[in-house]
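Participant: First the structure, then my questions, so here it is.
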Amino acid sequence: MSGVSTETTTDQAPLQAWLPTMLVLAAIWGCSFLFISVGVRELPPLYLALGRVVAGALVLLAFLAVKREPLPRDPRLWVHAFVIGALGSTIPWTLFGYGEERIPSLLAGIWNGITPLVVLPVAVLVFRTETFSAQRVTGLVIGFGGMLVVLGAWHIDGGADLLGQVLCMLAAVSYGVVIPYQKRFVAGTSLSGTALSASMFLCATVQLAIVAPIVTRQAPPVPWSLSIEVVLSVVALGALGSGLAFVLSMRNIRLIGASRASMVTYLMPVFSILVGVIVLHEHIAWYQPVGGLVVLLGVAVSQGLLASLRRKPAVVAPATTG
Numbered sequence: 154m155s156g157v158s159t160e161t162t163t164d165q166a167p168l169q170a171w172l173p174t175m176l177v178l179a180a181i182w183g184c185s186f187l188f189i190s191v192g193v194r195e196l197p198p199l200y201l202a203l204g205r206v207v208a209g210a211l212v213l214l215a216f217l218a219v220k221r222e223p224l225p226r227d228p229r230l231w232v233h234a235f236v237i238g239a240l241g242s243t244i245p246w247t248l249f250g251y252g253e254e255r256i257p258s259l260l261a262g263i264w265n266g267i268t269p270l271v272v273l274p275v276a277v278l279v280f281r282t283e284t285f286s287a288q289r290v291t292g293l294v295i296g297f298g299g300m301l302v303v304l305g306a307w308h309i310d311g312g313a314d315l316l317g318q319v320l321c322m323l324a325a326v327s328y329g330v331v332i333p334y335q336k337r338f339v340a341g342t343s344l345s346g347t348a349l350s351a352s353m354f355l356c357a358t359v360q361l362a363i364v365a366p367i368v369t370r371q372a373p374p375v376p377w378s379l380s381i382e383v384v385l386s387v388v389a390l391g392a393l394g395s396g397l398a399f400v401l402s403m404r405n406i407r408l409i410g411a412s413r414a415s416m417v418t419y420l421m422p423v424f425s426i427l428v429g430v431i432v433l434h435e436h437i438a439w440y441q442p443v444g445g446l447v448v449l450l451g452v453a454v455s456q457g458l459l460a461s462l463r464r465k466p467a468v469v470a471p472a473t474t475g
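Those letters in the sequence shown? Residues 154 to 475, by the working numbering.
Here it is in structure tokens:
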């Protein structure tokens with residue numbers, strides 16, 4: 154929960170320092186797609202996203218009050234928090250909401266798996282926190298092929314399903330941009346992940362509070378007008394999927410780097426598919442999970458995971474793979 158300097162904790166952090174956190178994140182974020190699907194039954198996606206960031210901000214502010222930690226005081230950090238709030242919360246959560254009005258939640262979870270494929274080229278070409286190699290380029294090509302399979306490129310005929318998939322894909326692209334942005338601009342600060350995450354959600358709250366009424370042309374619904382399932386979904390999205398999860402994510406980015414931290418997306422589709430099938434009784438075409446597996450294979454190749462698995466357990470993967 155506390156700030157970790159990127160100078161003293163490199164991408165070579167031991168497995169036990171970050172793997173449990175990654176598993177918890179996968180479960181929280183994998184189940185978030187179910188909560189989004191339930192929430193958009195009664196809430197416009199923009200107001201669902203607003204409720205999520207408000208709940209997340211309240212949880213994190215409570216953490217700060219208990220720990221007696223201040224919010225960032227550096228104006229530069231608030232500028233970065235505004236950008237991260239938009240790219241990591243406002244934009245993707247709104248897009249996933251609109252997407253899940255059209256496609257099953259488990260398919261949205263599969264699309265989230267392309268995040269690492271976006272992280273790598275953005276980190277290399279824009280923020281220069283990673284480097285390219287033949288192995289990574291090969292992984293990107295494999296992953297792009299998997300994206301076409303998920304999309305069902307051989308029989309695209311437009312319609313709500315295609316639009317929903319594109320919206321979820323763009324949401325994942327937004328995640329892929331914000332992860333290396335965090336690594337480049339805020340991961341070296343001495344502030345705790347709680348304080349940084351709280352500032353991001355406060356900025357996202359301002360953004361959505363302004364945009365939502367303008368776009369939807371309606372006032373926010375009062376909580377007692379919603380079903381208990383929707384209210385609980387918003388609370389779960391905010392308290393777990395936003396408040397707690399963002400702190401854990403920030404910790405992993407600092408410990409193991411942007412690309413390797415995004416490996417949480419290997420496990421997220423598993424949870425999203427399980428809860429989608431078991432709880433919501435959703436169905437998808439055979440090629441969509443197959444394409445998701447191809448995407449994850451591309452991510453594994455690009456990040457050197459397959460090579461690292463062939464090494465002895467005692468050997469730690471080099472920093473250049475993350």
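The beta carbon of each residue, even a glycine, is placed where N, CA and C say it ideally should be. Bear in mind that the values here come from a model prediction, so they are computed numbers and not experimental data.
(1) Span of the alpha helix (DSSP H) holding R229?
(2) If distances are taken between C-alpha atoms only, which option among S395, R404 and E254 comes closest to L320?
(3) Secondary structure at G252, three-state DSSP: helix, strand or coil?
(4) Determine the direct distance from the alpha carbon of T243 to that of Y251, and round the result to whole angstroms.
(5) Where I181 and A340 are concerned, what is the direct C-alpha to C-alpha distance, given to the nearest angstrom?
(6) In angstroms, rounded to a whole number, what distance separates the CA positions of S425 and G262?
(7) Please work out which residues of its chain come closer than 7 Å, Cβ to Cβ, to N405, disregarding the five sequence neighbours upstream and downstream, and give them in chain order.
(8) For L408, which option in A351, K336, S380 and L427 has the closest C-alpha, if you only look at C-alpha atoms?
(9) Am I right that V454 and I295 are in contact with their C-beta atoms under 8 Å? What's the rounded C-beta distance?
(10) In three-state DSSP terms, what is I112?
(11) Curious, which full-length alpha helix (DSSP H) runs of at least 4 residues does the stretch 407 to 460 contain?
(12) Please check the pair V368 and L199, which I expect to be a contact at CB under 8 Å, by giving their CB distance rounded to whole angstroms.
(13) Excluding sequence positions up to five away, which residues of its chain have a Cβ less than 7 Å from the Cβ of L245?
(14) Output needed for V212: all residues of its chain with C-beta closer than 6 Å, excluding positions within five of it in sequence on either side, in chain order.
(15) Please tell me whether M421 and A218 are closer than 8 Å, where the distance is taken between their beta carbons.
Facilitator: Based on what the coordinates show:
(1) Unbroken alpha helix (DSSP H) run through R229: P228 to G238.
(2) Of the candidates S395, R404 and E254, the residue whose Cα lies closest to the Cα of L320 is E254.
(3) In the structure shown, G252 sits in a helix (DSSP, three-state: H, G or I).
(4) Computed Cα separation, rounded: 12 Å.
(5) Counting only the Cα atoms, A340 lies some 22 Å from I181.
(6) S425 and G262 have their C-alpha atoms spaced approximately 6 Å apart.
(7) These residues qualify, in order along the chain: W171, T174, M175 and A414.
(8) For the set A351, K336, S380 and L427, the Cα lying nearest the Cα of L408 is the one of K336.
(9) Correct: roughly 6 Å between the Cβ atoms.
(10) Nothing about residue 112 can be read from this structure; the chain reaches only from 154 to 475.
(11) Taking only runs of at least 4 residues, the alpha helix (DSSP H) segments lying wholly in the stretch 407 to 460 are 411 to 414, 421 to 431 and 440 to 455.
(12) Yes, they are in contact, since the Cβ atoms of V368 and L199 sit about 6 Å apart, within 8 Å.
(13) Correcting the residue type first, residue 245 is Pro in the shown sequence and not Leu. Here the set comprises A324, S327 and Y328.
(14) Closer than 6 Å at the Cβ level, and outside the excluded window around V212, lie A392 and G396.
(15) At least 8 Å separates the beta-carbon of M421 from that of A218.
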